[in-house]
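Same order as they appear, the protein sequences are chains Z and X. Numbering (our numbering) for the first sequence: 1 to 366. Numbering (our numbering) for the second sequence: 367 to 732.
2 protein chains.
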Amino acid sequence: MAVIAPSRRVRRTPFSDGVEKAGVKGYTVYNHMLLPTVFENIVDDYHHLKNHVQVWDVAVERQIEVRGPDAGRLMQMLTPRDLRGMLPGQCYYVPMVDETGGMLNDPVAVKLSEDRYWISIADSDLLFWVKGIAYGYRLDVLVDEPDVHPLAIQGPKAEDLMVRLFGEGIRDVRFFRYGIFDFEGTSLVIARSGYSKQGGFEIYVDGFDLGMPIWDALFAAGEDLNVRAGCPNLIERIEGGLLSYGNDMTRDNTPHECGLGKFCSTQTAIGCVGRDALLRVAKEGPVKQVRPISITGDLPPCDRAWRILADGEKVGTLTSAAWSPDFDTNVAIGMVRMTHWKPGTKLEIETQAGMFDAVVQPKFWI
Amino acid sequence: MAVIAPSRRVRRTPFSDGVEKAGVKGYTVYNHMLLPTVFENIVDDYHHLKNHVQVWDVAVERQIEVRGPDAGRLMQMLTPRDLRGMLPGQCYYVPMVDETGGMLNDPVAVKLSEDRYWISIADSDLLFWVKGIAYGYRLDVLVDEPDVHPLAIQGPKAEDLMVRLFGEGIRDVRFFRYGIFDFEGTSLVIARSGYSKQGGFEIYVDGFDLGMPIWDALFAAGEDLNVRAGCPNLIERIEGGLLSYGNDMTRDNTPHECGLGKFCSTQTAIGCVGRDALLRVAKEGPVKQVRPISITGDLPPCDRAWRILADGEKVGTLTSAAWSPDFDTNVAIGMVRMTHWKPGTKLEIETQAGMFDAVVQPKFWI
């Protein structure tokens, strides 16, 4: 496998020094920034995540700050999710779509106050879309990327570790809510969230220079909890059905195809870009949709979209796959046509290393 | 150095099979796609580029197609360069800026007809900005990413190689013009352009499946010309003063700071987003600007912005650097404050491996 070439364009994060010291072995690039993908190896990382606690450099979840009198209006233009009930202190998972209902990103919105939000983004320059809409509609908002860098604490011992740094109050933070906590005199937004199913938190580290002090404090506090540097784990996230923008969904897909219809209140999300297209989709239902799929055999790395076949005919696309030690099968995510999306349906997957047998599963492995 | 993790999100190109067969040793990620950075090693690649001919997978230069009655109006909104004189058959280097004059991308626009353009982009999701502006202004245009993938032929023997595949007519294509040439029954746009100073062409390969046939045909035709797989070469592009978006310029910079003021006809580019801000900049002139800089010593890789100091005070930022065998010095690109940008000014560069002496150069190494 080829190495990744150093350049400023592929940005380092506030935690890169810690990540390197911890012996990172693989990276990907995400929002023009380095995202670790493996430390020991993907299987050891997986077992450790499920049993202990890991500190993840997810600074690649760049923030878009939207601020000003029209902030609320702009936010509702960006997503088909109804934001009327959203309160400061809450985080919402908000699919964002273009005028045809095609997915542009699937960020988490953080409401800081009535006129101020952060959008914590997946891998696309959503900032350009938000700025374009704000400019085109002459909205009274500032749209910018603040100096804020998420650090995730994930795993069953995450809460115990966080209590040591931020106090017992951290236990009261509910899922997809956040609280404000102090670190050495700086107030930080800390949410109960993260890109795993093992529980944990995301610290919105406010200021690049605060990165390594927090990183070091977490490792110092968690030694007896067996804390380690980690990263989103391919196996665990597929088991848990956590979709990845750019992998399992792209601008070609509607939220409904991605199984995100429950986040689309298209009837009431008045003003949302793409509403006309999504009202139509909601009426008919999608023709293809994301499904958990198990695959038999010794798979190559899923580094490209694989065709899903049935009786020699293409019926879908498979976009993420990994061997699961806990479930003793290859776990996978694919978009399957309605003719073949029922649980138990047998499929064939065409890879760069030949054909593999697969079966549609009734649910993800959680 | 860590390896790059495989995933569909980091897209393969139509030429990836050829790149792998040629023994690529390093990649970067650019527009969510793999871009080779080294084959033999960066110095051998450099000498070969300057003496022979290379075939470059630059499919990462994604295209944005803008088509429809308002295409011309939209294009002029996107750039401060005056496009009134642009004719079909021409390519224009067009800095694109936001409402404050901050660089969003520095693409090449290809005018296919009066109502149809391709924008061949650097590393940012410019598509999102173009779509946002088109939507906000309700313009009558289609904006999309077509199935088009540039392949560059660069080096002093590039023309000789191209003639063998496309005929003598290729010699008549002038710099930043294109012609239409046939490959096995498909009409292709071929421009005299490319991200090196060694001369050459870019083939806009129209259709993913055409990628490897063209790749293979070029290698078959050029064996005695010593044709090799190559890629934009860090040393050669710094010597030639070819800026890299994300490295040497970002959204923080105006075109004038990047030395691209000559492409800004802000007085006449009526309707351009950011015009107010750039008129102001043009009046005052920029306070800092890109400069060629030579550096003495054994530099570490320039994987982050380095501070440029004079008498202990920050006077700029250095963003690209490499050892040049031909000029026997480290060649570099930095943005320097006007107080210190005169040729001959002595500077100090603060890197992760300590301080290095540097001097502002009168011109790039070409």
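We put the beta carbon where it would ideally sit given N, CA and C, even for glycine. Nothing here was measured: the structure is a model prediction, and the numbers come from that model.
Exposure of residue i, with buried meaning 16 or more beta-carbon neighbours within 10 Å
{"i": "Phe-327(Z)", "result": "exposed"}
{"i": "Ser-187(Z)", "result": "exposed"}
{"i": "Lys-649(X)", "result": "exposed"}
{"i": "Pro-232(Z)", "result": "buried"}
{"i": "Lys-314(Z)", "result": "exposed"}
{"i": "Leu-550(X)", "result": "This sequence places Glu at residue 550(X); Leu is not what is there. Counting Cβ neighbours within 10 Å, Glu-550(X) comes out exposed, since fewer than 16 surround it."}
{"i": "Val-287(Z)", "result": "exposed"}
{"i": "Arg-617(X)", "result": "buried"}
{"i": "Phe-175(Z)", "result": "exposed"}
{"i": "Thr-339(Z)", "result": "exposed"}
{"i": "Glu-623(X)", "result": "buried"}
{"i": "Gly-261(Z)", "result": "buried"}
{"i": "Gly-23(Z)", "result": "exposed"}
{"i": "Glu-12(Z)", "result": "Per the sequence shown, the amino acid found at residue 12(Z) is Arg instead of Glu. So Arg-12(Z) ends up on the buried side."}
{"i": "Ala-586(X)", "result": "exposed"}
Beta-carbon proximity check, residue i vs residue j, cutoff 7 Å
{"i": "Tyr-92(Z)", "j": "Ala-109(Z)", "result": "yes"}
{"i": "Pro-150(Z)", "j": "Val-58(Z)", "result": "yes"}
{"i": "Asp-514(X)", "j": "Gln-429(X)", "result": "In the sequence as presented, Asp is not what sits at residue 514(X); that position holds Val. In contact: Val-514(X) and Gln-429(X) (Cβ atoms closer than 7 Å)."}
{"i": "Tyr-412(X)", "j": "Glu-602(X)", "result": "yes"}
{"i": "Gly-271(Z)", "j": "Gln-90(Z)", "result": "no"}
{"i": "Leu-665(X)", "j": "Asn-619(X)", "result": "no"}
{"i": "Leu-644(X)", "j": "Cys-630(X)", "result": "yes"}
{"i": "Ile-293(Z)", "j": "Ala-332(Z)", "result": "yes"}
{"i": "Gly-467(X)", "j": "Val-725(X)", "result": "no"}
{"i": "Val-60(Z)", "j": "Tyr-30(Z)", "result": "yes"}
{"i": "Trp-689(X)", "j": "Thr-717(X)", "result": "no"}
{"i": "Phe-208(Z)", "j": "Pro-14(Z)", "result": "yes"}
{"i": "Thr-266(Z)", "j": "Arg-275(Z)", "result": "yes"}
{"i": "Ser-320(Z)", "j": "Asp-248(Z)", "result": "yes"}
{"i": "Gly-312(Z)", "j": "Val-290(Z)", "result": "no"}
{"i": "Leu-161(Z)", "j": "Gly-222(Z)", "result": "yes"}
{"i": "Arg-55(Z)", "j": "Leu-218(Z)", "result": "First, the residue type needs correcting, since residue 55(Z) is Val and not Arg in the sequence shown. Contact flag set, yes."}
Residues sharing a beta bridge with residue i, DSSP
{"i": "Lys-712(X)", "result": "Val-725(X)"}
{"i": "Cys-310(X)", "result": "Lying before the first or after the last residue shown, residue 310(X) is absent from chain X, which here runs from 367 to 732."}
{"i": "Trp-306(Z)", "result": "Leu-318(Z)"}
{"i": "Phe-181(Z)", "result": "Leu-188(Z)"}
{"i": "Phe-175(Z)", "result": "Arg-192(Z)"}
{"i": "Lys-654(X)", "result": "Arg-703(X)"}
{"i": "His-398(X)", "result": "Answer is none; His-398(X) lacks a bridge partner."}
{"i": "Tyr-245(Z)", "result": "Met-249(Z)"}
{"i": "Gln-429(X)", "result": "Ser-486(X)"}
Anticipated Cβ contact below 8 Å, residue i with residue j, distance rounded
{"i": "Ala-500(X)", "j": "Phe-567(X)", "result": "About 31 Å; that fails the 8 Å criterion."}
{"i": "Ser-490(X)", "j": "Asp-125(Z)", "result": "5 Å"}
{"i": "Gly-384(X)", "j": "Met-578(X)", "result": "6 Å"}
{"i": "Pro-6(Z)", "j": "Met-103(Z)", "result": "About 32 Å separates the two Cβ atoms, so there is no contact after all."}
{"i": "Phe-494(X)", "j": "Gly-132(Z)", "result": "7 Å"}
{"i": "Val-571(X)", "j": "Glu-465(X)", "result": "About 35 Å; that fails the 8 Å criterion."}
{"i": "Leu-401(X)", "j": "Ser-382(X)", "result": "At roughly 11 Å, the Cβ-Cβ gap does not stay under 8 Å, so Leu-401(X) and Ser-382(X) are not in contact."}
{"i": "Met-462(X)", "j": "Leu-444(X)", "result": "5 Å"}
Contacts around residue i, its chain only, beta-carbon distance under 8 Å, and the 5 residues preceding and following it disregarded
{"i": "His-418(X)", "result": "Gly-521, Pro-522, Lys-523, Leu-591, Asn-592, Val-593, Arg-594"}
{"i": "Gly-240(Z)", "result": "Ser-196, Lys-197, Phe-364, Trp-365, Ile-366"}
{"i": "Pro-454(X)", "result": "Lys-477, Leu-478, Ser-479, Glu-480"}
{"i": "Leu-415(X)", "result": "Gln-520, Gly-521, Ser-562, Gln-564, Gly-596, Asn-599, Glu-602"}
{"i": "Arg-537(X)", "result": "Glu-525, Val-529"}
{"i": "Pro-325(Z)", "result": "Val-43, Tyr-46, His-47, Ile-235"}
Cβ shell of residue i (< 7 Å), same chain only, five flanking positions each side left out
{"i": "Phe-532(X)", "result": "Phe-547, Ile-556"}
{"i": "Asp-144(Z)", "result": "Glu-65"}
{"i": "Ala-349(X)", "result": "The displayed coordinates of chain X run from 367 to 732. Any statement about residue 349(X) would go beyond what the structure contains."}
{"i": "Thr-37(Z)", "result": "Gly-26, Tyr-27, Thr-28, Cys-231"}
{"i": "Asp-448(X)", "result": "Ser-631, Thr-634, Ala-635"}
{"i": "Tyr-544(X)", "result": "Gly-455, Cys-457, Val-476, Val-555, Ile-556, Ala-557"}
6 Å Cβ shell around residue i - same chain, five flanking residues per side excluded
{"i": "Pro-728(X)", "result": "Pro-709"}
{"i": "Met-86(Z)", "result": "Tyr-92, Lys-111"}
{"i": "Phe-722(X)", "result": "Ile-661, Gly-663, Ile-715"}
{"i": "Asp-436(X)", "result": "Leu-505, Asp-506, Val-507"}
{"i": "Gly-316(Z)", "result": "Ile-308, Gly-334, Met-335, Val-336, Arg-337"}
{"i": "Pro-303(Z)", "result": "Reading off the sequence, residue 303(Z) comes out as Asp, not Pro. Hits under 6 Å: none found."}
{"i": "Trp-118(Z)", "result": "Gln-63, Glu-65, Val-110"}
{"i": "Ile-121(Z)", "result": "Arg-62, Asn-105, Pro-107"}
{"i": "Ile-370(X)", "result": "Tyr-393"}
{"i": "Ala-676(X)", "result": "His-706, Leu-713"}
{"i": "Thr-345(Z)", "result": "Val-360"}
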